[in-house]
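Chemist: Got a structure for you, questions after.
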Amino acid sequence: MSNVLPIASALEAARSQMAFTLGFHIVLASLGVAFPAMMLIANYRGLRHDDADAMLLARRWSKVAAVTFAVGAVTGTVLSFEFGLLWPAFTAKFGEVFGILFAIEGIFFFLEAIFIAIYIFGWKRLPGWAHFWTGVPIVLSGIGGAFSVVAVNSWMNQPRGYTLSHGDVTKVEPLKVIFNPAVPYEVPHMLLAAYMVTGFLVASVYAVGMLRGRRDRLHRLGLLIPLTVAAIATPIQLGVGDTAARAIANDQPVKFAGMECVQHTSTHVTEYLGGRCTADGVKGGIGIPGLDSFLIGFSTDTKVTGLDSVPADDRPPANTMLHWAFDAMVGIGTALMGLALWLGLTWLRRRDIPRSHWFLRATAVSGVAAIAAMECGWIVTEVGRQPWVVYNVMRTENAATGASGVWVTFTVALLLYTVLGIATVVTLRTMARRWREEDSQDEDGGDEPYGPRPSAPAALSGGPG
Amino acid sequence: MSSADAVAGVLWVGVSLYAVFAGADFGAGFWGLVAGGGERGRRARELVDWAIGPVWEANHVWLIFVLVVLWTAFSEAFGSIFSTLFIPLSLAALGIVLRGSGFAFHHSARRLRGRLFAERLFGVSSLLTPFFLGTVIGAVASGRVPVGNAEGDPVTSWLNPLSLLVGVLFVATCAYLAAVFLVSDARRAEAPDLEEYFRARALGAALVAGGLAVAGILVMHADARYIYDGLTHEGLPLVILSGVCGLGALVLLRRAAPRGARPLAVGAVVAVVWGWGVAQYPYLLPQKLTVAAGAAPSATLTAVLIVFGAAVVLVLPALALLYTLVQRSMIEETEL
Ligand code: HDD
Ligand code: HEM
Ligand code: HEM
């Protein structure tokens, strides 16, 4: 139990703080990666087809992005500090290896921050298509940025491209670091997750609106654009996830054993859905004989490495939680696939979204569900790698800070991020309410896009002299 | 010059840019905080808002840049600094969170009651972050950070007269830079009264910052002898350059010629940053870890230099575009 909710040392505090702050950041990061693309789709539609509703959506979404981007930047900066505050020994030793990726990421952050500022603040004065094109670098740098950070995590899972002598890194091969073996599945999986999370989340907001009777064209479009993007990402995601699972079974077999509760190395291993992991196998849950072996090698004769292949203190903790997290991710992914199919088939038949209330209800919960799947995936990755921070190379306990006081910073982070989360939601809801009022009064707050350029902010000039 | 020295130079470019851009930004938050109520205060705050708006984000990426270059190229120094100086760096991070949130919400929640609170938060945290980063610099400069995981004293390493003085000096410098910048912003916004308002404040802040700098050098004589010797020998030309720029800026401000004052103020800050770098060279952690000994393997250093080259090619034009659009008022705050 103490492994699930660690409450003793600075190490446990550091792990808890890292998990919490990362789990928070990743939601905003996903929005940062994928929201600009949806904004641009709406913007393109607005410009191309002279579609006022699409244009209004693009403008409003960019205002939402302004808020979530700022919160994402803040929480990301905290993460950068945490590499020193929580894991100085890890960074002191391997920073010279994985740091290269963060350096590359720096470029993407810069470009993203610059162009998002231009895009968000450029609605009024820039010419339409020029403004649209300033949005494109945001999308590209979002993808590049996600690649770079996630590749760091891949490197922690599959460390390559360095030589140690007497415990010191003496040689680095950057290309092997950047393109480590976990990159090909981890990076696409996370990128797709970002598009799914954003797509389902934005669609769910409009689904709730439609359930409350706001069924105008604006809401339909607001639901359809993001939901289409997410629906396209979902089947690809399932394929990539399946590939990832097979790769893990091969490259990080102990993690795989942990998440599938495989105690002993053997063939014809049963796949369990749910259940409790114990030293003598899974209790409860639904077992499908041979399926686990089949899934990783397309034959029930495939040998699956068990937890007994390594000493007890090299095994990941909290196997039941790992197993549930993995099942939850796969389960939610499958359910979302159902939603995507529902939309896709209906659309093919009659160019419309399904009329059923249940479709809107399902869409309304899909955003939260996608977030849950993503968080579960990260739990599988991170907790499953334990006790290693760098797989089979450095233990997490040797990575942590020697400073005391991490419990204090963790507590402060908990409180602060709770307030931050609430403030973000309240702010966004206030904005939405204001927009609804504007809609019902059928006016625009006087800020038509792409207008002429006044000379100075009216509020400032000509004040009392 | 070795590639380790070149990367140290890159790091210093980042530190200089952070000092100037984020410094002006922190300082603007400071002036927003002390502007007070009333019509004048309200308009001063509005100017601050308008000036920071679009560039806030981009300014702060420089800090990320500095952190990343430090941990990639000089990992051991990074680990040593962040573990020994856990407390002030946590507080600086706290300031960054509060500041970013204050900014995010007071812009979007115009009609919320929380607006005033968010503004307060923004102002107070604009003080916190530079102050604690200053104490960190003071601790490093005075050789209080040994190599290793939390090997130094967690408290006295940064709670000492020199660190505190540097902390206050940082705040004053930010206020000075911001006031000089805001003079030009007020001119751009065609608000002559605010131009006057910030000119007076720039002069005041300049005197305070200059006084603190002199005091700092005196304290270093007793407490950070290595840096003191560096500043008064190899670094002396830069210290003098900084002083000359600072005085020049004062003269121009008094003559109401803000155009030249801005580059001079920037020059004063950048010169002192490089003066410190030169004084500290060849040490990353004075008398404990040199640039050469603390540097990453050469492939990593080369990679950092390549990335830096790419950044110059990609990011500088983009930044130039951003600042040009801002200067021409092509992009600006709108109601969110
Ligand atoms: C919307 C989110 C989402 C959905 C629907 C799925 N995943 Fe996932 N999964 C993630 C979001 C995610 C993630 C949060 O993005 C992770 C964490 C690290 C990573 O690269 O992706 C992840 C990690 C992750 C890992 C561990 C990778 C590692 O440790 O390196 C495996 C084996 C899978 N996934 C497998 C699947 C399978 C078989 C799925 C469905 C059939 C699936 N995922 C759906
Ligand atoms: C790409 C980015 C990421 C990097 C570089 C990264 C890095 C790290 C590091 C250095 C640790 C501490 C050492 C360790 O416990 O192994 C850690 C722990 C952890 N991270 Fe990640 N992480 C990333 C993404 C995420 C995300 C998005 C989540 C979302 C929830 C997450 C969840 C966790 C958890 C739960 C732990 C604690 C594991 C444990 O100690 O049991 N990580 N991560
Ligand atoms: C340990 C891991 C991580 C660190 C140290 C980190 C660091 C940062 C930093 C410093 C920022 C602010 C940049 C700015 O000021 O613009 C940021 C923002 C961002 N991060 Fe992370 N990050 C981590 C994990 C991730 C992951 C896993 C993703 C994945 C997809 C991600 C994607 C982003 C994006 C897109 C932004 C832009 C801001 C936003 O849109 O919210 N980050 N991150």
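Those protein sequence lines, which keep their order, are chains A and B. Here this note's numbering is used: the first residue of the first sequence is 375, the next is one more, and so on. Here this note's numbering is used: the first residue of the second sequence is 35, the next is one more, and so on. Even for Gly, the Cβ is constructed at its ideal location relative to N, Cα and C.
Taking the alpha-carbon of A:Ala520 as reference, which of A:Ser667, A:Gly458 and A:Phe476 has the nearest alpha-carbon?
Modeler: A:Phe476
Chemist: Classify A:Leu538 as helix, strand or coil using the three-state DSSP reduction.
Modeler: strand
Chemist: Quick one: measure Cβ to Cβ for A:Ala388 and A:Val780, integer angstroms, because I've assumed they're closer than 8 Å.
Modeler: 5 Å
Chemist: Are the C-beta of A:Ala439 and some C-beta of chain B separated by less than 7 Å?
Modeler: no
Chemist: Tell me which residues share the same chain as A:Asn554 and place their Cβ nearer than 6 Å to its Cβ, disregarding the 5 neighbours each side in the sequence.
Modeler: Excluding positions up to five away in sequence, the list reads Ser528, Trp529, Gln532 and Arg534.
Chemist: Which ranges does the alpha helix (DSSP H) cover as unbroken runs of at least 4 residues, wholly within the region 591-670 of chain A, from first to last along the chain?
Modeler: 591-625 and 627-634
Chemist: Are B:Ala212 and B:Gly75 closer than 7 Å when you measure CB to CB?
Modeler: No. Outside cutoff.
Chemist: Please state if the CB of B:Ala295 and the CB of B:Leu81 are separated by a distance shorter than 7 Å.
Modeler: no
Chemist: Compute the beta-carbon to beta-carbon distance between B:Asn183 and A:Ala463, rounded to the nearest angstrom, for a pair I have assumed lies under 8 Å.
Modeler: 5 Å
Chemist: What in chain A is Cβ-close to B:Ser135, meaning under 9 Å?
Modeler: For B:Ser135, the chain A residues whose C-beta falls within less than 9 Å of its own C-beta are Ala444, Val445, Val448, Leu790, Val793, Leu794, Ala797 and Thr798, listed in chain order.
Chemist: If you run the structure through DSSP and keep just helix, strand and coil, what is B:Tyr210?
Modeler: In the displayed model, B:Tyr210 falls within a helix according to three-state DSSP.
Chemist: If we define contact as Cβ-Cβ less than 7 Å, is B:Leu370 a contact residue for chain A?
Modeler: Here the model assigns B:Leu370 a pLDDT of 44, short of 50, so the residue's position is not dependable, and the following value carries that caveat. Flagged as an interface residue toward chain A: B:Leu370, by a C-beta distance shorter than 7 Å.
Chemist: By DSSP's criteria, A:Val358 is part of a beta bridge. Which residues make up the other side?
Modeler: This structure leaves residue 358 of chain A out entirely; chain A is present only between 375 and 839.
Chemist: Is the beta carbon of A:Val445 closer than 7 Å to that of A:Thr792?
Modeler: no
Chemist: Examine chain B for any beta-carbon lying closer than 7 Å to the beta-carbon of A:Ser844, and answer yes or no.
Modeler: In the structure as shown, chain A begins at 375 and stops at 839. Residue 844 of chain A is therefore absent and cannot be evaluated.
Chemist: Just to confirm, is the Cβ distance from B:Cys208 to B:Gly57 under 7 Å?
Modeler: yes
Chemist: Looking at A:Gly758: is its Cβ nearer than 7 Å to the Cβ of A:Gly596?
Modeler: Not closer than 7 Å, so no.
Chemist: Starting from A:Tyr580, trace the alpha helix (DSSP H) both ways and give me its first and last residue.
Modeler: Val557 to Leu585
Chemist: Using beta-carbon positions only, say whether A:His642 and A:Gly671 come within less than 7 Å of one another.
Modeler: No, they are not a contact pair.
Chemist: Kindly identify the DSSP beta-bridge partner or partners of B:Tyr317.
Modeler: B:Thr324
Chemist: My guess is that A:Pro761 and A:Thr770 are in contact by the Cβ rule of under 8 Å, so how many angstroms apart are they, rounded?
Modeler: 6 Å
Chemist: Could you tell me if B:Leu101 is buried or exposed, where buried requires 16 or more neighbouring beta carbons within 10 angstroms of its beta carbon?
Modeler: buried
Chemist: Does A:Phe409 get closer than 7 Å to chain B when you measure Cβ to Cβ?
Modeler: no
Chemist: What residues in the region 539-571 of chain A bring their beta carbon closer than 8 Å to a beta carbon of chain B?
Modeler: Val543, Thr544, Lys545, Val546, Glu547 and Pro548
Chemist: Quick check: what's the CA-CA separation for A:Asp666 versus A:Asn624?
Modeler: 13 Å
Chemist: If you draw a straight line from the alpha carbon of B:Ser159 to that of A:His540, how long is it in whole angstroms?
Modeler: 44 Å
Chemist: Which chain B residues sit within Cβ distance under 7 Å of A:Arg462?
Modeler: The sequence as given places Pro at residue 462 of chain A; Arg does not occur at that position. The answer, in chain order, is Gly113, Phe116, Ser117 and Asn183.
Chemist: For A:Leu598 and B:Arg362, what's the separation of their Cα atoms in angstroms?
Modeler: Each residue's Cα considered, the two are about 38 Å apart.
Chemist: Check the DSSP bridge columns for A:Val678 and list the partner residues they point to.
Modeler: A:Ser640
Chemist: Determine the contact status of B:Arg133 and B:Phe156, defining contact as a CB-CB distance below 7 Å.
Modeler: yes
Chemist: Quick check on the burial criterion: 16 or more other C-beta atoms within 10 angstroms. Buried or exposed for A:Arg499?
Modeler: Under a 10 Å Cβ-count criterion, A:Arg499 is classified as buried, with 16 or more other Cβ atoms of the shown protein chains found around its own Cβ.
Chemist: With a threshold of 7 Å between beta-carbons, can B:Ala40 be considered close to chain A, or not?
Modeler: no
Chemist: For the region 700-710 of chain A and the region 603-617 of chain A, state whether three or more C-beta atom pairs, one from each stretch, are separated by less than 8 Å.
Modeler: Short answer: they touch.
Chemist: Using 7 Å as the limit for Cβ to Cβ distance, is B:Ile86 near chain A?
Modeler: no
Chemist: Looking at C-beta atoms only, is the number of pairs between the region 93-112 of chain B and the region 483-490 of chain A that lie closer than 8 Å three or more?
Modeler: yes
Chemist: Flag this pair as yes or no: are the beta carbons of B:Val242 and B:Ala206 separated by less than 7 Å?
Modeler: yes
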